[in-house]
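Participant:
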Amino acid sequence: MPMDDAARIVTGAEYVRAITARASDRRYRRAFQRLALRLTAPGEALFDFGAGPGIDARLYAEQGRRVSAYDIDPHMSEYLTSHCRAFILSGTVRLQQGNYREFLSSAAPPAAWRAELITANFAPLNLIDDLHELFAKFAALTTPTGAVLASVLSPYFAGDLRYPWWWRNAAGLLRHGRYAVPGAQALIWRRRLADYARECAPYFHLEKVFAGTDSRPCTRPVWLQLTTCRFMFLLFSKPGRTHDSSAPRDGQSRATRAS
Amino acid sequence: MATAPADSGRLGDTPGRDYSRKLRMFNALAEPELRAAIDSLDLRPGMRVLDAGCGTGETLGWLAAAVAPAGFALGIDLSTNHLSAARGALPRDTPLLQADLLRTPLAAATFDLVWSVNTVHHLRDPTACARALTALLRPGGRLALGQSSLLPDMFFAWDARLERRLTEAVHAYYRDRYGLSEQGLTAVRGLLGLLQEAGLCRIGVRTFVIERFAPLDACAHAWLLEAIFRGTWGERLRPYLTHADHEELTRLCDPQHRDFALRRPDFHFLQTFTLAVGERPWPQPPGT
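Top to bottom, those sequences are chains B and P. The first sequence lines up with residues 1 to 259 when you count with this note's numbering. The second sequence lines up with residues 260 to 547 when you count with this note's numbering.
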């Protein structure tokens, strides 16, 4: 979790307060949620990786999605269990628990729970060293048409230029495509788009990049648009697949009644 | 005149439909009778309840209170407007879900009670809806279908003739607007048949009477004036009534007029609310 005061956060309730305190964070979160809902239709399965306290998972469930949720932190899972209780008990949210290695080696989900979309909101991917093996797992969790939508820290965010660590690592970003700085939970990896594109292959391809404020894809030059947002949203699709993120998939014809 | 779009419910229901105001007024009017109906179900703390077609959520709140703290009541509705009204009216942590009742994401055999009031007749195929709701019940769980006005409401106790003409005019309006015949409109009376077709057993039914008379309380006044006089009748019935009848109706419904019905000392309103309940059978033990 990419926040300065992460070290002192222990409970789900405190974490919820922290991540909803800043107006800009709430905007990023809403923009991401809207995009995730556009990319899925009611009744479809979604996997929330790094679900945290379950704010997003519950919102997706409220919109008729079936949600699998995983978080590495048992305190978060505990909060999610209570926050999403009725949805868990009625079978629309299911929580996967365990440490990260256990998650990676867990059995494939039943067909009905293979996800049309994996969401990773609020930069959980920035805590992952080996993205390649995670994308392999994502491939196993998704349907043949499934995609991954990830909110990640933009390495180009101009607001970070005031920090000495940004300048110390700028050369590394250019040369290696990534660098890590110590964070509260683990190293925080900042990566260029090319690095994500390399790490997700051959399971996915980086199809679209969204600045973290709205659901229209960035146009070129992408990096320039990404200087104004702390987060960028990346849409990874299965090879040969593309998505139309401009039109809601839950339009009236899909969402209405009996035939 | 327009009929319902092909892929919607038979009353044209879509996620954009908004009966919020009318639903809120009905729940305010009928709160004592709805609570009595809930009490008749003998709910216990710990039960899992689904309010299928929860509308603006007042009833969901009463159901939730009946099963708290260990149980829960989940509300489901298709309409975005109803759900945002419900979110505003209920405690923040009340679980609400937007979905089509025929295609919910809910797991089968989950609920102890599915409560569904004035809802299944909004769907093109109420039987399919009752079956889908039944599938959500655990064995021994109950489906409670509530329906208003299986008997004609009494608005004008002193004038049965005008009331009959009004009923006919409303039927004619619905026939033209939604392509519904009188049989279709009154199909809501077949609650028991619906429960039987859904495969439920131990079926019972009970009717509660919503009875209000002069002087009316604010809830009854608001319901009758806003939802009925203005919302259900009003100008849209003009083509379906004789000139004289429409004039008389207009006077009776006009708060500015000295004949305004709700000011009459002999005003007496009757409406029924019927709750039919059936139980999902336990599977037969093998070899029987």
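C-beta atoms are modelled at their ideal positions from N, C-alpha and C, and glycine is treated no differently. Source: prediction; values computed, not measured.
Using a Cβ cut-off of 7 Å, which residues of the stretch 341-363 of chain P contact any Cβ in chain B, in chain order?
Facilitator: So the list reads P354, L355, L356, Q357, A358, D359, L361 and R362, given in the order they occur along the chain.
Participant: So that I know if they touch, is there some Cβ in chain P lying closer than 8 Å to that of B:S77?
Facilitator: On the first sequence, position 77 is the one that residue 77 of chain B refers to. Taking Cβ atoms only, chain P never reaches closer than 8 Å to B:S77, which makes this a no.
Participant: State yes or no: is the C-beta of P:T339 within less than 8 Å of the C-beta of P:P274?
Facilitator: The sequence position of residue 339 of chain P within the second sequence is 80, counting from 1. The sequence position of residue 274 of chain P within the second sequence is 15, counting from 1. Cβ distance < 8 Å, so P:T339 and P:P274 count as in contact.
Participant: For P:S408 and P:A446, what's the separation of their Cα atoms in angstroms?
Facilitator: Start at 1 with the first residue of the second sequence, and residue 408 of chain P comes out as number 149. Start at 1 with the first residue of the second sequence, and residue 446 of chain P comes out as number 187. Looking at the two C-alpha atoms, the distance is approximately 12 Å.
Participant: Cβ of B:L95 within 8 Å of Cβ of P:R307?
Facilitator: What you label residue 95 of chain B is simply residue 95 of the first sequence in a count that begins at 1. What you label residue 307 of chain P is simply residue 48 of the second sequence in a count that begins at 1. No, these two residues do not count as a Cβ contact at 8 Å.
Participant: Please give me, in chain order, every unbroken run of the alpha helix (DSSP H) with length at least 4 that falls completely inside the stretch 307-350 of chain P.
Facilitator: Counting only runs of 4 or more, we get 317-326 and 339-348.
Participant: Would a check of beta-carbon distances place P:A324 closer than 8 Å to chain B?
Facilitator: One-based indexing of the second sequence puts residue 324 of chain P at position 65. No, its Cβ sits nowhere closer than 8 Å to a Cβ of chain B.
Participant: Between which residues of its own chain and B:T92 is the CB-CB distance below 6 Å, once the five residues before and five after are set aside?
Facilitator: The count along the first sequence starts at 1 and reaches residue 92 of chain B at position 92. Contacts found: A61 and R66.
Participant: At what residues does the beta strand (DSSP E) containing B:P164 begin and finish?
Facilitator: Mapped onto the first sequence, residue 164 of chain B falls at position 164. Counting along the chain, B:P164 falls outside any beta strand (DSSP E), though it belongs to the alpha helix (DSSP H) covering P164 to H176.
Participant: Candidates P:S279, P:A295, P:D272 and P:R276: which alpha carbon is nearest P:F532's?
Facilitator: Here residue 532 of chain P refers to the residue found at position 273 of the second sequence. Checked all of P:S279, P:A295, P:D272 and P:R276; the closest Cα to P:F532 is P:A295.
Participant: Run through DSSP, which three-state label would B:P53 get?
Facilitator: Here residue 53 of chain B corresponds to residue number 53 of the first sequence, with the count starting at 1. If DSSP states are grouped into helix, strand and coil, B:P53 belongs with coil.
Participant: Should B:R340 be flagged as near chain P, meaning a C-beta pair shorter than 8 Å?
Facilitator: Residue 340 of chain B lies beyond the range of chain B shown here (1 to 259); nothing can be said about it.
Participant: Closest to P:D371 by C-alpha separation, out of P:W541, P:G546 and P:P545, would be which residue?
Facilitator: By 1-based counting over the second sequence, the position of residue 371 of chain P is 112. If we check each option's Cα against that of P:D371, P:W541 comes out closest.
Participant: Closer than 7 Å by beta-carbon distance: list the chain P residues that pair up with B:G91, in chain order.
Facilitator: Residue numbering aside, residue 91 of chain B sits at position 91 when the first sequence is read from its first letter. Going along chain P in sequence order, the residues near B:G91 (Cβ under 7 Å) are L365, A366 and T369.
Participant: Under 9 Å between beta-carbons, which chain P residues line up against B:F49? List them in chain order, please.
Facilitator: Here residue 49 of chain B refers to the residue found at position 49 of the first sequence. Correct list: empty, because the minimum Cβ distance to chain P is about 19 Å.
Participant: Apply the 10 Å Cβ neighbour rule to P:G305 and answer buried if 16 or more other Cβ atoms are within range, or exposed otherwise.
Facilitator: Walking along the second sequence from the start, residue 305 of chain P turns up at place 46. It is exposed - the Cβ of P:G305 has fewer than 16 other Cβ atoms within 10 Å.
Participant: Tell me, to the nearest whole angstrom, how far the beta carbon of B:S151 is from that of B:F122; I am working on the premise that it is less than 8 Å.
Facilitator: On the first sequence, position 151 is the one that residue 151 of chain B refers to. On the first sequence, position 122 is the one that residue 122 of chain B refers to. Yes, they are in contact, since the Cβ atoms of B:S151 and B:F122 sit about 6 Å apart, within 8 Å.
Participant: Jot down the residue ranges of each uninterrupted beta strand (DSSP E) in the stretch 70-144 of chain B, minimum 3 residues, whole runs only, in chain order.
Facilitator: Runs of the beta strand (DSSP E) inside the stretch 70-144 of chain B: 93-96 and 115-120.
Participant: At the 8 Å Cβ level, is P:L453 part of the contact set with chain B, yes or no?
Facilitator: For the purposes of this step, residue 453 of chain P is taken as the residue at position 194 of the second sequence. Taking Cβ atoms only, chain B never reaches closer than 8 Å to P:L453, which makes this a no.
Participant: Between the Cα of P:A473 and the Cα atoms of P:D272, P:R523, P:K281 and P:R346, which residue gives the shortest distance?
Facilitator: Your numbering for residue 473 of chain P matches position 214 in the second sequence. Answer by Cα proximity: P:R523.
Participant: Rounded to whole angstroms, what's the CA-CA distance from P:L496 to P:E507? Just pull it up for me.
Facilitator: Here residue 496 of chain P refers to the residue found at position 237 of the second sequence. Here residue 507 of chain P refers to the residue found at position 248 of the second sequence. The straight-line gap from Cα to Cα measures roughly 13 Å.
Participant: Just to confirm the assignment, what range does the alpha helix (DSSP H) spanning P:D371 have?
Facilitator: In the second sequence, residue 371 of chain P corresponds to position 112, counting from 1. It is not in any alpha helix (DSSP H) - P:D371 instead sits in the beta strand (DSSP E) that spans F370 to V376.
Participant: Taking B:S164 as the reference, which of B:L149, B:V181 and B:L174 has the closest Cα?
Facilitator: Translated into positions along the first sequence, residue 164 of chain B becomes position 164. Position check: residue 164 of chain B holds Pro in this sequence, whereas Ser was assumed. Of the listed residues, the one whose Cα sits closest to B:P164 is B:V181.
Participant: What number of angstroms, rounded off, separates the C-alpha of B:L224 from the C-alpha of B:R114?
Facilitator: The count along the first sequence starts at 1 and reaches residue 224 of chain B at position 224. The count along the first sequence starts at 1 and reaches residue 114 of chain B at position 114. C-alpha separation (whole angstroms): 36 Å.
Participant: For P:E290, which option in P:W321, P:A535, P:G452 and P:G443 has the closest C-alpha, if you only look at C-alpha atoms?
Facilitator: Indexing the second sequence from 1 puts residue 290 of chain P at position 31. Ranking the options by Cα distance to P:E290, first place goes to P:W321.
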